[in-house]
Amino acid sequence: MDIIGSGLALLCLFPLFLVIAAAIKATSPGPVFFKQQRVGLNGRVFSMLKFRSMKNNCDSADHRSYIKKYICEQNSAAVEPGVFKLTNDSRITPIGHILRKTSLDELPQLINVLMGDMSLVGPRPPIPYECELYDIWHRRRFLSCTPGITGLWQVTGRSRTTFDEMVRLDLKYIRKRNLWSDIKILFMTPKAVVNGSGAL
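According to our numbering, the sequence shown holds residues 30 to 229 in order.
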């Protein structure tokens, strides 16, 4: 399903890719794509693709600080409106705000799916420095399942989810995953994005 689904999606969305790429180049100097190291199945590190939504060559210090707060202080999800996205950040480009709000910045990950690094559905792949903060049970979310573009916790209200709750939802998905559950999550994803309650 992953190969066929991602291949068809890339073909259908190719014109949109061109429009987004042109908008990024027209509004901010730098590359169209942003590559970030992520941890995949069995701890294998790979380069995850996104449309670039921030100014080029930004420091990751703010994101590191946010991730540490989110993981170590379980109430931080009620303070920040999203797990991995700093929405009120001056480094985000004008087009980047739109891409992030609509989750269009995540579309290049279809290429990662086609390459076998990711699945359409699965736990989100963590950043290596994020894994340093994990308890042992947290690590089960990426050791036994290929990471995905969307997943169970994304469609159940990400902005209101603590880190431990997020991991529990990932582990629940891993235990019960099947083709039907994946299809259901895929169909639930657009609604979650539109509602703003669980954008990717």
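For every residue, glycine included, the Cβ atom is placed at its ideal position computed from N, Cα and C.
Between the alpha carbons of Pro176 and Thr56, how many angstroms are there, rounded? Residue numbering aside, residue 176 sits at position 147 when the sequence shown is read from its first letter. Residue numbering aside, residue 56 sits at position 27 when the sequence shown is read from its first letter. Going by the C-alpha atoms only, they are around 31 Å apart.
Would you mind stating whether Leu215 and Tyr202 have Cβ atoms separated by less than 8 Å? In the sequence shown, counting from the first residue as 1, residue 215 sits at position 186. In the sequence shown, counting from the first residue as 1, residue 202 sits at position 173. The answer is no: Cβ separation not under 8 Å.
Between which two residues does the beta strand (DSSP E) containing Arg67 stretch? Working through the sequence shown from its first residue, we reach residue 67 at position 38. Counting along the chain, the beta strand (DSSP E) containing Arg67 begins and ends at Phe62 to Val68.
Would the segment 126-138 and the segment 67-85 be scored as touching if the rule is three or more Cβ pairs under 8 Å? yes
List the endpoints of the continuous beta strand (DSSP E) containing Val150. Locating residue 150 in the sequence shown gives position 121, counting from the first residue. Where Val150 is concerned, the enclosing beta strand (DSSP E) stretches over Ser148 to Val150.
Assuming contact is defined by CB atoms lying nearer than 8 Å, are Cys285 and Arg120 in contact in what I supplied? Given a span of 30 to 229 for the chain in the structure shown, any question on residue 285 remains unanswerable.
Identify the continuous beta strand (DSSP E) that holds Ser173 and give its terminal residues. Stepping through the sequence shown from its first residue, residue 173 is reached at position 144. No beta strand (DSSP E) contains Ser173, which DSSP labels as neither H nor E.
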